[in-house]
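Residue numbers (the working numbering): 15 to 374.
Every residue gets a Cβ at the ideal spot worked out from N, C-alpha and C, and that includes glycine.
Working notes, structure below.
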């Protein structure tokens with residue numbers, strides 16, 4: 015369905031919705047249309063229709079399922095990013111390890127939402143707030159940033175600035191803790207793909223993703239980086255060169271094992287956090303375990319998760335880096351940290367790997 019009812023209203027985030035279920039298209043359209051800041055420009059039954067609508071309607075954001083006839087969501091994302099880059103939010107029932115989910119990630123999807131079963135009207139409407147919030151945030155992101163995020167080419171500047179790592183005794187950083195949200199799936203891939211195979215530190219990551227998605231995300235990330243990546247399990251040791259991705263639905267806390275080694279504890283407490291896992295919880299526990307010897311990194315994302323945790327890292331004498339606005343898909347989380355005076359260094363995503371390496 016194409017919306018040709020009138021001229022484009024300024025300030026609205028225009029969206030194309032693609033799903034092979036007429037019921038889901040109706041519900042998602044109803045949810046998005048309930049926001050005065052969003053306009054559903056068109057709905058499509060498959061990737062082929064959606065691609066035509068992207069060309070004709072030039073929407074700000076595309077919301078798509080993955081399993082569709084004629085052209086699936088992963089191929090749709092690949093074509094959009096190759097021909098007309100813009101933010102794509104995947105809204106799917108996909109929960110377990112799957113090649114299609116990994117393919118969507120590799121193609122350039124910047125955000126994922128779990129879609130309840132097509133017949134569960136109540137559950138579909140329960141995702142209203144998350145869906146509207148993410149679409150609004152993605153609509154504010156420039157298409158140039160999305161294109162750069164997926165490109166291997168570094169950010170072009172008249173003169174490349176030198177990274178001046180903050181003063182910190184060399185050799186004292188023992189662990190890296192990283193937090194990200196909207197835009198994070200791609201940002202983490204880009205960051206970690208630039209780190210060397212012999213990277214000497216263990217890495218713990220919190221990424222806001224739906225339950226059931228982080229296992230295959232970790233598998234896909236493992237293929238995209240020279241480091242080993244796995245979804246964190248209770249009792250995993252923090253090991254140099256290994257990236258542990260927090261399991262969706264649980265906080266990732268770091269604790270000392272009886273042998274004095276840093277290990278993972280998956281925990282449901284605190285229960286009142288906005289996100290589970292929470293960047294704040296990871297950072298606070300990392301500060302407790304490593305003291306001044308931890309480096310926290312806050313990447314693209316909505317909200318302020320990470321700010322309270324960054325304060326704990328700084329209080330213990332550790333370091334905090336933030337992604338700068340020019341490369342963020344959504345400049346929310348890192349902005350909150352920087353504006354609170356907690357960021358030791360703010361740099362574009364392209365420059366963060368070098369800054370990390372020079373610091374440690």
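Quick one: using the 10 Å Cβ neighbour count with 16 as the cut-off for buried, is residue 334 buried or exposed? Residue mapping note: residue 334 aligns to position 320 of the chain shown, counting from 1. Residue 334 should be labelled buried.
For residue 335: DSSP bridge partner residues: In the chain shown, residue 335 corresponds to position 321, counting from 1. BP columns for residue 335 point to 311, 359.
Check whether residue 236 and residue 243 have beta carbons under 9 Å apart: Your numbering for residue 236 matches position 222 in the chain shown. Your numbering for residue 243 matches position 229 in the chain shown. Taking 9 Å as the Cβ cut-off, residue 236 and residue 243 qualify as a contacting pair.
Straight-line CA distance for residue 228 to residue 262? The residue given as residue 228 occupies position 214 in the chain shown. The residue given as residue 262 occupies position 248 in the chain shown. In a straight line, the C-alpha of residue 228 is about 6 Å away from that of residue 262.
Pop quiz: residue 149 and residue 217 are said to be a contact at Cβ under 8 Å. What is the actual Cβ separation, rounded to whole angstroms? Against the chain shown, residue 149 aligns to sequence position 135. Against the chain shown, residue 217 aligns to sequence position 203. No, residue 149 and residue 217 are not in contact; Cβ-Cβ is about 30 Å, not under 8 Å.
Assign residue 330 to one of three DSSP states: helix, strand, or coil. Within the chain shown, residue 330 is the residue found at index 316, counting from 1. Of the three classes helix, strand and coil, the one that applies to residue 330 here is coil, per DSSP.
Give the straight-line distance between the Cα atoms of residue 332 and residue 60, rounded to the nearest whole angstrom. Reading the chain shown from its first residue, position 318 is the one you call residue 332. Reading the chain shown from its first residue, position 46 is the one you call residue 60. Each residue's alpha carbon lies about 49 Å from the other.
Grab me the residues of residue 153's own chain with a C-beta within less than 6 Å of its C-beta, minus the 5 sequence neighbours each way, in chain order. Walking along the chain shown from the start, residue 153 turns up at place 139. The residues are 27, 74, 75.
Can you give the Cα-Cα distance for residue 81 and residue 90, rounded to whole angstroms? To locate residue 81, count along the chain shown from 1; it is residue 67. To locate residue 90, count along the chain shown from 1; it is residue 76. Cα to Cα, residue 81 sits roughly 11 Å from residue 90.
How about residue 298 and residue 257: do their beta carbons lie closer than 9 Å? The residue you call residue 298 lines up with position 284 of the chain shown. The residue you call residue 257 lines up with position 243 of the chain shown. In this structure, the beta-carbon distance from residue 298 to residue 257 does not fall below 9 Å.
I'd like to check one pair, residue 193 with residue 25: are the Cβ atoms closer than 9 Å? The residue given as residue 25 occupies position 11 in the chain shown. The residue given as residue 193 occupies position 179 in the chain shown. Not in contact: residue 25 and residue 193 (Cβ atoms no closer than 9 Å).
Please say whether residue 267 and residue 279 have beta carbons closer to each other than 9 Å? As a working mapping, residue 279 is identified with position 265 in the chain shown. As a working mapping, residue 267 is identified with position 253 in the chain shown. Yes, they are a contact pair.
Note down, one range per segment and in chain order, each alpha helix (DSSP H) of at least 4 residues found wholly within the region 192–253. 198–207, 228–238
Report yes if the C-beta distance between residue 163 and residue 129 is below 9 Å; otherwise report no. Counting from 1 along the chain shown, the entry for residue 163 is found at position 149. Counting from 1 along the chain shown, the entry for residue 129 is found at position 115. Result no, Cβ atoms of residue 163 and residue 129 do not sit closer than 9 Å.
Going by the DSSP bridge assignment, what does residue 186 pair with across the sheet? Along the chain shown, one-based indexing puts residue 186 at 172. Looking at the DSSP assignment, residue 186 forms no beta bridge with any residue, so it has no partner.
Confirm, please, whether the CB-CB distance from residue 370 to residue 311 is below 9 Å. The residue you call residue 311 lines up with position 297 of the chain shown. The residue you call residue 370 lines up with position 356 of the chain shown. Contact flag set, yes.
Return helix, strand or coil for residue 52, following the three-state DSSP convention. The residue you call residue 52 lines up with position 38 of the chain shown. Strand at residue 52.
Cβ shell of residue 248 (< 8 Å), same chain only, five flanking positions each side left out: In the chain shown, residue 248 corresponds to position 234, counting from 1. So the list reads 278, 279, 280, once near-sequence residues are dropped.
Beta bridge counterpart(s) of residue 105 as assigned by DSSP: Locating residue 105 in the chain shown gives position 91, counting from the first residue. Bridge partners of residue 105: 127.
Identify which residue in 116, 35, 66, 234 has its Cα closest to the Cα of residue 98. Position 84 of the chain shown, counting from 1, holds the residue named residue 98. Comparing alpha-carbon positions, the option among 116, 35, 66, 234 lying closest to residue 98 turns out to be 66.
Can you give me the start and stop residues for the beta strand (DSSP E) that residue 266 sits inside? Here residue 266 refers to the residue found at position 252 of the chain shown. Segment 265–270, the beta strand (DSSP E) holding residue 266.
Mind checking whether residue 79 and residue 34 have CB atoms under 9 Å apart? As a first step, residue 79 is located in the chain shown; it is residue number 65 there, counting from the start. As a first step, residue 34 is located in the chain shown; it is residue number 20 there, counting from the start. Yes.
Bridge partners for residue 58 per DSSP, in chain order? Working through the chain shown from its first residue, we reach residue 58 at position 44. Residue 58 pairs with 32.
Let me confirm a value: residue 39 is counted as buried when at least 16 other C-beta atoms fall within 10 Å, else exposed. Which label applies? Here residue 39 refers to the residue found at position 25 when the chain shown is read from its first residue. So residue 39 ends up on the buried side.
Leaving out five residues on either side along the sequence, give the residues of the same chain with a beta carbon under 7 Å from the beta carbon of residue 223. Residue 223 sits at position 209 when you count from the first residue of the chain shown. Counting only Cβ-Cβ distances below 7 Å, and skipping sequence neighbours, we find 126, 231, 262.
Rounded Cβ spacing between residue 359 and residue 187 (contact assumed at less than 8 Å): Walking along the chain shown from the start, residue 359 turns up at place 345. Walking along the chain shown from the start, residue 187 turns up at place 173. With a Cβ gap of about 13 Å, residue 359 and residue 187 do not count as contacting.
How should residue 86 be labelled, buried or exposed, when 16 other C-beta atoms within 10 angstroms of its C-beta is the threshold for buried? Within the chain shown, residue 86 is the residue found at index 72, counting from 1. The residue is buried, with at least 16 neighbouring Cβ atoms inside 10 Å.
Between which residues of its own chain and residue 271 is the CB-CB distance below 6 Å, once the five residues before and five after are set aside? Position 257 of the chain shown holds residue 271. If we look at residue 271 and ignore the five residues flanking it on each side, its Cβ neighbours are 277.
For residue 295 versus residue 306, is the C-beta distance shorter than 9 Å? Looking up residue 295 in the chain shown gives position 281. Looking up residue 306 in the chain shown gives position 292. Their beta carbons are not under 9 Å apart, which means residue 295 does not touch residue 306 by this criterion.
Taking the C-alpha atoms as reference points, what is the distance between residue 118 and residue 199? In the chain shown, the residue the question calls residue 118 occupies position 104. In the chain shown, the residue the question calls residue 199 occupies position 185. Each residue's Cα considered, the two are about 11 Å apart.
Is the distance from the Cβ of residue 351 to the Cβ of residue 373 below 9 Å? The residue you call residue 351 lines up with position 337 of the chain shown. The residue you call residue 373 lines up with position 359 of the chain shown. No.
What number of angstroms, rounded off, separates the C-alpha of residue 320 from the C-alpha of residue 300? Working through the chain shown from its first residue, we reach residue 320 at position 306. Working through the chain shown from its first residue, we reach residue 300 at position 286. Approximately 12 Å, taken between the alpha carbons.
Taking the straight line between their C-alpha atoms, what separation do you get for residue 189 and residue 55? Working through the chain shown from its first residue, we reach residue 189 at position 175. Working through the chain shown from its first residue, we reach residue 55 at position 41. Residue 55 has its alpha-carbon roughly 46 Å from the corresponding atom of residue 189.
Coarse secondary structure for residue 75, derived from DSSP in three states: Looking up residue 75 in the chain shown gives position 61. Correct three-state label for residue 75: strand.
Considering only heavy atoms of the ligand GTP, does any lie closer than 8 Å to the CB of residue 309? Absence of the ligand GTP is noted for the structure shown, with no ligands found whatsoever.
For residue 362, tell me which candidate among 344, 282, 264 has the shortest Cα-Cα distance. In the chain shown, the residue the question calls residue 362 occupies position 348. That would be 344, whose Cα lies nearest to the Cα of residue 362.
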